[in-house]
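See structure below.
Residue numbers (full-length UniProt numbering): 1 to 82.
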């Protein structure tokens, strides 16, 4: 995990994992409600959607960057309130 402040206006949190690669077609859908790649009945597909929604309501963004043989990083960027 890494954190940084951008121009005193935004905080960025990166959560990095060296596990499985997420293909681009799945990255495009990963924040949709009820989307999951797990077996039917084992997951609700709401975790990333709820996280995305909460961060968005605070004026931020949640993105994913996944590269083969490099890992996956979820990046949260939120404005710093005065």
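Even for Gly, the Cβ is constructed at its ideal location relative to N, Cα and C. Note that the structure is predicted; figures quoted are calculated from it, not measured.
Cβ-based neighbour list, residue i, same chain, cut-off 7 Å, excluding 5 preceding and 5 following
i, result
"residue 29", "35"
"residue 27", "64 and 66"
"residue 11", "3, 5, 78 and 80"
Sequence-distant residues of the same chain with beta carbon closer than 6 Å to residue i, five excluded per side
i, result
"residue 15", "1 and 74"
"residue 59", "79"
Residue i beta carbon near the ligand SAM (any heavy atom closer than 7 Å)
i, result
"residue 74", "Absent from the structure shown: the ligand SAM. Ligands present: none."
Short Cβ contact (8 Å threshold) for residue i with residue j
i, j, result
"residue 61", "residue 19", "no"
"residue 21", "residue 52", "no"
"residue 33", "residue 45", "yes"
"residue 76", "residue 55", "yes"
Beta-bridge pairing of residue i - partner residues as DSSP gives them
i, result
"residue 71", "67"
Proximal residues to residue i (C-beta, below 8 Å), its chain only, five neighbours per side dropped
i, result
"residue 68", "21"
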